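J.: In this note's numbering, the protein residues as written are 974 to 1271. Questions regarding the structure given below will be posed in turn.
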Ligand SMILES: C[S@@+](CC[C@H](N)C(=O)[O-])C[C@H]1O[C@@H](n2cnc3c(N)ncnc32)[C@H](O)[C@@H]1O
């Protein structure tokens, strides 16, 4: 197994451990285990406690299984979308947890492993599915969606100022040929956005790729359902930690936590916690991470 090159560095690890307090006997649900970075740290402290590790990405889950299993450890693995976490946990006999982590977004594995089709840094077939069992792919979206649907998703999920031009360019291109690869899509976007208007800190195609990824994986709707289920699974005194990586996700988390704080819940992070400069230097992928924590008071 090629785990060495693709290990994802867990974001805000110290803060996550501090809030989650994974100590002897606790029951922890890692609802986005990925390749197991956060969970590895939990298991070092959990002793006879239990860890349930869930992810919708079977490739990540296999790596996590190899990394996290070991003598004396109580770990259960679930291949599922977190929008179904309550039923999935209950099927294993877990009805309440002391801590739940949702570390949203993509993992380094998904961005760097060949043939996942998420990245514009390499030419490969457009795909972007976190869960390979699902039918809809990025290729399906760019080749089948109507112009106004494409424009809408670029505006809504990418906050892309040139959504109209990009959608028109995609439609124009596919009149001649289907869009097959990541670099083909990246080129279409680069040509559609005027050079003078290219963003300074990101590549011109970044927002388009983000928007299509969110649409392929239905990320915002799954997040809303996942939050509601996580809250249901929290025992008294239990904490829900959510790390988001863009403003659309963070807005959903912030609003949901606020609505919960009106009954039985306490928000433990008045402002979201962001990584220090040193962490961003060592792990640039963490630069936009924001951690929010909710506690069930009664
Ligand atoms: C940022 S990575 C998590 C990294 C992990 N905390 C670690 O330390 O290795 C995000 C993970 O969440 C998973 N994920 C995203 N949305 C999901 C969903 N709706 N249901 C289940 N897993 C999801 C992705 O497949 C990915 O593996």
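Here a beta-carbon is modelled for each residue, glycine too, at the ideal position from N, C-alpha and C. This structure is a prediction, so every number in the text was calculated from the model and none was measured.
Going by alpha carbons, who is nearest to residue 1237 out of 1265, 1208, 1227, 1258?
T.: Nearest option by C-alpha distance: 1208.
J.: Between the Cα of residue 1219 and the Cα atoms of 1240, 1245, 1015, 1212, which residue gives the shortest distance?
T.: Selected option, being the one with the closest Cα: 1245.
J.: Does residue 1049 come out as helix, strand or coil in the three-state DSSP assignment?
T.: In the structure shown, residue 1049 sits in a strand (DSSP, three-state: E or B).
J.: Would residue 1000 be called buried (16 or more neighbouring beta carbons within 10 Å of its own) or exposed?
T.: Its Cβ being crowded by 16 or more others within 10 Å, residue 1000 is buried.
J.: Quick check on the DSSP output: what are the complete alpha helix (DSSP H) runs of length 4 or more inside the stretch 996-1047, in order along the chain?
T.: Listed in chain order, the complete alpha helix (DSSP H) runs (minimum 4 residues) inside the stretch 996-1047 are 1010-1019, 1031-1041.
J.: Taking the C-alpha atoms as reference points, what is the distance between residue 1088 and residue 1030?
T.: Taking the straight line joining both Cα atoms gives about 14 Å.
J.: Give the straight-line distance between the Cα atoms of residue 1260 and residue 985, rounded to the nearest whole angstrom.
T.: Rounded to whole angstroms, residue 1260 to residue 985 spans 10 Å at the Cα level.
J.: With respect to the alpha helix (DSSP H) encompassing residue 1144, which residues constitute its N-terminal and C-terminal limits?
T.: Taken as a continuous stretch (DSSP letters only), the alpha helix (DSSP H) holding residue 1144 covers 1136-1147.
J.: Measuring from the CB of residue 1027, is there a heavy atom of ligand 1 at a distance below 7 Å?
T.: Yes - ligand 1 has a heavy atom lying nearer than 7 Å to the Cβ of residue 1027.
J.: Is it true that the stretch 1070-1078 meets the stretch 1127-1146, where meeting means three or more beta-carbon pairs spaced less than 8 Å apart?
T.: No, the stretch 1070-1078 does not touch the stretch 1127-1146.
J.: I believe residue 992 touches residue 1162 by the beta-carbon criterion, under 8 Å. Please report the beta-carbon distance rounded to the nearest angstrom.
T.: 39 Å between Cβ atoms; not a contact.
J.: Please confirm if the stretch 1057-1066 is in contact with the stretch 1081-1097, defined as three or more CB-CB distances below 8 Å between the two stretches.
T.: With a cut-off of 8 Å, the stretch 1081-1097 and the stretch 1057-1066 do not count as touching, because too few Cβ pairs lie within range.
J.: How long is the line joining the alpha carbons of residue 969 and residue 1040, rounded to whole angstroms?
T.: Lying outside 974 to 1271, the shown extent of the chain, residue 969 is not represented and no answer is given.
J.: Ignore the nearest five residues each way along the sequence and tell me which others in residue 1178's own chain have a CB closer than 6 Å to its CB.
T.: Within the same chain, residue 1178 has close Cβ partners 1093, 1159, 1162.
J.: Is residue 981 near ligand 1 - that is, is its Cβ less than 7 Å away from at least one heavy atom of it?
T.: For ligand 1, at least one heavy atom lies less than 7 Å from the Cβ of residue 981.
J.: Could you work out which residue in 1127, 1250, 1032 is closest to residue 1189 when comparing CA atoms only?
T.: Measuring from the Cα of residue 1189, the nearest candidate turns out to be 1127.
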